[in-house]
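Residue numbers (this note's numbering), protein chains in the order written: chain A, 5 to 231; chain B, 5 to 231. Backbone N, C-alpha and C define an ideal beta-carbon position, used for all residues, glycine too. What follows is one structure encoded as structure tokens, with my remarks underneath.
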DNA sequence: GACATGCTACATGTATACAAAAGGGAGGGT
DNA sequence: ACCCTCCCTTTTGTATACATGTAGCATGTC
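Put into structure tokens, the structure is as follows:
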């Protein structure tokens with residue numbers, strides 16, 4: 005909640021809201037009232053409005069015609085489509101990363117992977133999760149293509165509010181780790197075609213896991229509204 | 005220039021500016037002053053500001069720290085990177101389109117292509133260009149994946165201000181037409197792998213043409229600043 | 001003459017007040 | 001009893017006035 009390190013009010017409001025959405029403090033579907041937010045942050049509607057506009061453009065928030073805005077809800081078919089694109093994009097990223105990463109970057113990727121193995125073996129799930137995410141980011145940035153990085157991340161942030169539900173799926177971590185290992189080796193070795201295909205499939209599976217979760221939620225929602 | 009068909013001022017300002025940028029009336033590098041724009045559209049700074057924010061997020065406009073904003077300039081390396089991503093994305097689009105287009109959509113794609121052949125043979129370059137662009141859009145939308153469509157188009161609009169320079173390159177249209185023909189046949193036949201590869205290469209070549217143009221401009225700019 | 005310091009002017013960001021459109025409810029009419 | 005209309009309320013968008021910080025310039029001092 006603490007902010008203002010040379011940021012404008014609009015920026016700090018946006019960052020704060022983004023954070024609330026990412027952490028689930030503002031869950032999908034939560035409504036956002038301009039005035040309420042203005043009060044909460046002790047600013048006027050102007051910077052709140054500006055922040056909301058940006059959140060809307062980023063896709064994290066949707067504007068409902070006459071009832072304020074709400075945190076974007078992703079249903080099953082949206083989720084499937086999102087991962088359809090995401091897996092292709094990350095595949096492409098892996099391809100370029102395998103071609104372009106500097107030797108230092110390749111080494112760093114290996115190191116990062118080794119750290120996640122350690123975290124996994126130590127049973128430190130939170131740390132493992134964090135490192136695993138960072139692995140993806142490192143590959144994305146390894147493309148050395150700003151447009152690709154931005155495009156991929158823009159999609160990625162839409163998924164953040166949902167990612168935490170990936171945790172705790174039994175057996176996921178093992179498979180995840182194996183995937184990363186293979187991807188890392190392919191990238192380090194410069195086998196760009198392998199890297200692309202491995203990463204694409206890897207992200208696809210991740211998507212399936214999340215889709216399963218969402219499908220579960222959808223069923224529950226349907227049951228609730230039917231009851 | 006006149007609008008307001010139920011649009012807010014912010015929206016019509018944004019649309020107007022977008023249009024000016026697309027058509028080259030506001031060329032890359034042109035500076036945009038909030039107050040001047042407010043006067044031009046007879047509105048206050050507030051909606052102009054809102055419009056600018058959106059243009060900045062879309063990447064069409066860049067904010068220069070203390071000298072207003074300018075229409076984004078794309079240099080050679082940016083252009084290369086943009087097309088690197090664009091060709092991959094359009095390749096993916098072709099893949100999904102080849103799998104998912106309805107029979108009606110496939111037929112429409114063939115028809116569209118035939119129309120561009122006609123326009124080409126009639127020597128109607130403007131029409132040919134328009135139809136050729138529409139061909140791309142039809143493939144993109146044929147994916148039936150909103151996220152992919154949006155992602156691809158978001159990149160695409162950054163290129164719009166530059167596309168008109170593709171015109172008038174001798175021999176481009178023939179090759180272009182041949183490419184489209186092959187892509188169309190692959191998509192209609194559902195040969196998704198072929199479609200993907202053909203479209204990817206096609207867009208890559210388009211990028212090379214544009215990159216050549218930009219490189220030319222860069223050289224001139226360098227010569228001018230050196231002289 | 002050069003550097004530092006303060007002033008000016010502008011760009012940027014913010015607050016507040018105002019206007020307009022849209023929905024819902026209440027009251028009246030059929 | 002039901003519907004229609006009008007008004008009121010709430011939300012959204014806009015204008016305007018104000019605050020703030022920075023850059024460039026000028027002025028003064030060393």
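Suppose you measure from the CA of residue 123(B) to the CA of residue 129(B); what does that come to, to the nearest Å? Taking the second chain and counting its residues from 1, the one referred to as residue 123(B) is at position 119. Taking the second chain and counting its residues from 1, the one referred to as residue 129(B) is at position 125. Approximately 7 Å, taken between the alpha carbons.
Among 118(B), 139(B), 101(B), 91(B), which has the Cα closest to the Cα of residue 211(B)? Residue numbering aside, residue 211(B) sits at position 207 when the second chain is read from its first letter. Out of 118(B), 139(B), 101(B), 91(B), 91(B) has the C-alpha closest to the C-alpha of residue 211(B).
Partners in chain A for residue 89(B), counting only beta-carbon separations shorter than 7 Å: For the purposes of this step, residue 89(B) is identified with residue 85 of the second chain, where counting begins at 1. Result: 149, 151, 152, 155.
I need the boundaries of the alpha helix (DSSP H) containing residue 25(A), first residue and last residue. Counting from 1 along the first chain, the entry for residue 25(A) is found at position 21. Unbroken alpha helix (DSSP H) run through residue 25(A): 13 to 27.
Tell me the residue span of the alpha helix (DSSP H) that contains residue 191(A). On the first chain, residue 191(A) is found 187 positions in, with the first residue counted as 1. From DSSP, the alpha helix (DSSP H) with residue 191(A) extends over 176 to 192.
Residues that residue 66(A) bridges to, as DSSP identifies them: Sequence index remark: in the first chain, residue 66(A) carries index 62 (1-based). Bridge partners of residue 66(A): 74(A).
Spell out whether any CB of chain B is found under 8 Å from the CB atom of residue 78(A). Within the first chain, the letter at position 74 stands for residue 78(A). Cβ-Cβ to chain B under 8 Å: no for residue 78(A).
In angstroms with no decimal places, state the Cα-to-Cα distance between residue 61(A) and residue 125(B). As a position in the first chain, residue 61(A) is number 57, starting the count at 1. As a position in the second chain, residue 125(B) is number 121, starting the count at 1. Cα-Cα distance, rounded: 42 Å.
State yes or no: is the C-beta of residue 186(B) within less than 8 Å of the C-beta of residue 102(B)? Along the second chain, one-based indexing puts residue 186(B) at 182. Along the second chain, one-based indexing puts residue 102(B) at 98. Going by C-beta atoms, residue 186(B) is not nearer than 8 Å to residue 102(B).
So, with DSSP's three-state summary, where would you put residue 30(A)? Here residue 30(A) refers to the residue found at position 26 of the first chain. Coil.
Per-residue burial, residue 95(B) [other beta carbons within 10 Å of its own, 16 or more giving buried]: Here residue 95(B) refers to the residue found at position 91 when the second chain is read from its first residue. By the neighbour-count rule (16 or more Cβ atoms within 10 Å), residue 95(B) is buried.
Once you ignore the five residues that flank residue 135(A) on each side, which residues in its own chain have a CB closer than 7 Å to its CB? Here the question's residue 135(A) lines up with position 131 in the first chain. Within the same chain, residue 135(A) has close Cβ partners 116, 119, 120, 123.
So residue 218(A) contacts chain B; which residues on that side make the cut at Cβ distance below 8 Å? Here residue 218(A) corresponds to residue number 214 of the first chain, with the count starting at 1. Within chain B, no residue comes near residue 218(A); the closest Cβ sits about 15 Å away, beyond 8 Å.
Is DSSP giving residue 57(A) helix, strand or coil here? Taking the first chain and counting its residues from 1, one reaches residue 57(A) at position 53. Helix at residue 57(A).
Quick check on DSSP: helix, strand or coil for residue 46(B)? Residue numbering aside, residue 46(B) sits at position 42 when the second chain is read from its first letter. Correct three-state label for residue 46(B): coil.
Taking all protein chains shown into account, do 16 or more other C-beta atoms lie within 10 angstroms of the C-beta of residue 23(A), making it buried, or fewer, making it exposed? Position 19 of the first chain, counted from the first residue, corresponds to residue 23(A). Exposed, because fewer than 16 other Cβ atoms sit within 10 Å of the Cβ of residue 23(A).
What does residue 36(B) pair with, by DSSP beta-bridge criteria? On the second chain, residue 36(B) is found 32 positions in, with the first residue counted as 1. Looking at the DSSP assignment, residue 36(B) forms a beta bridge with 73(B).
For chain A, find out if any of its Cβ atoms is closer than 8 Å to the Cβ of residue 159(B); answer yes or no. On the second chain, residue 159(B) is found 155 positions in, with the first residue counted as 1. Residue 159(B) counts as touching chain A.
Cβ-Cβ distance between residue 76(B) and residue 89(B) below 8 Å: For this step, residue 76(B) is matched to residue 72 along the second chain. For this step, residue 89(B) is matched to residue 85 along the second chain. No, they are not a contact pair.
By the three-class DSSP mapping on this structure, what secondary structure does residue 79(A) have? Taking the first chain and counting its residues from 1, the one referred to as residue 79(A) is at position 75. Coil at residue 79(A), not helix or strand.
Helix, strand or coil, according to DSSP, for residue 106(A) in the structure here? Sequence index remark: in the first chain, residue 106(A) carries index 102 (1-based). Residue 106(A) falls in the coil class under three-state DSSP.
8 Å is my cut-off, CB to CB: does residue 85(A) come that close to chain B? Along the first chain, read from residue 1 onward, the residue named residue 85(A) stands at position 81. For residue 85(A), the answer is yes, since a Cβ of chain B falls inside 8 Å of its Cβ.
Around the C-beta of residue 68(B), are 16 or more other C-beta atoms found within 10 angstroms, so that it is buried, or is it exposed? Numbered from its first residue, the second chain carries residue 68(B) at position 64. It is exposed - the Cβ of residue 68(B) has fewer than 16 other Cβ atoms within 10 Å.
How many angstroms separate the CA atom of residue 87(B) from the CA atom of residue 225(A)? If you number the second chain from 1, residue 87(B) lands on position 83. If you number the first chain from 1, residue 225(A) lands on position 221. Cα to Cα, the separation comes out at about 43 Å.
Mind the definition here: the segment 46 to 54 of chain A touches the segment 9 to 21 of chain A only if three or more C-beta pairs lie below 8 Å; say whether that holds. yes
Taking 8 Å as the limit between beta carbons, can you name the residues of its chain near residue 159(B), skipping five residues before and five after? Along the second chain, read from residue 1 onward, the residue named residue 159(B) stands at position 155. Closer than 8 Å at the Cβ level, and outside the excluded window around residue 159(B), lie 86, 89, 90, 93.
Per-residue burial, residue 165(B) [other beta carbons within 10 Å of its own, 16 or more giving buried]: Sequence index remark: in the second chain, residue 165(B) carries index 161 (1-based). Under this definition residue 165(B) is a buried residue.
Note down, in chain order, all residues in the segment 90 to 104 of chain A with a beta-carbon under 7 Å from any beta-carbon belonging to chain B. 92, 96
Taking only the alpha-carbon atoms, compute the straight-line gap between residue 181(B) and residue 189(B) and give it to the nearest angstrom. Within the second chain, residue 181(B) is the residue found at index 177, counting from 1. Within the second chain, residue 189(B) is the residue found at index 185, counting from 1. So the alpha carbons of these two residues sit roughly 12 Å apart.
Option nearest residue 192(A) by Cα separation, candidates 35(A), 40(A), 21(A), 98(A): Locating residue 192(A) in the first chain gives position 188, where the first residue counts as 1. Of the candidates 35(A), 40(A), 21(A), 98(A), the one whose C-alpha sits nearest the C-alpha of residue 192(A) is 98(A).
Going along chain A, which residues have a C-beta under 9 Å from residue 54(B)? Residue mapping note: residue 54(B) aligns to position 50 of the second chain, counting from 1. Residues of chain A passing the Cβ test: 53, 54, 57.
Return the chain-ordered list of same chain residues with a C-beta closer than 8 Å to the C-beta of residue 213(A), the five sequence neighbours on each side being excluded. Numbered from 1 along the first chain, position 209 holds the residue referred to as residue 213(A). Only 170, 173, 176 meet the Cβ criterion.
Counting C-beta neighbours from all protein chains within 10 Å, is the total for residue 105(A) 16 or more, i.e. buried, or is it exposed? Working through the first chain from its first residue, we reach residue 105(A) at position 101. Residue 105(A) should be labelled buried.
Against residue 61(B), what residues of chain A qualify as contacts under a CB-to-CB distance less than 7 Å, listed in chain order? Taking the second chain and counting its residues from 1, the one referred to as residue 61(B) is at position 57. Neighbours of residue 61(B) on chain A, chain order: 58, 61.
Determine the direct distance from the alpha carbon of residue 207(B) to that of residue 162(B), and round the result to whole angstroms. Taking the first residue of the second chain as 1, we reach residue 162(B) at position 158. Taking the first residue of the second chain as 1, we reach residue 207(B) at position 203. Rounded to whole angstroms, residue 162(B) to residue 207(B) spans 15 Å at the Cα level.
Candidates 31(B), 71(B), 184(B), 195(B): which alpha carbon is nearest residue 38(B)'s? Within the second chain, residue 38(B) is the residue found at index 34, counting from 1. When only C-alpha atoms are compared, the closest one is 71(B).
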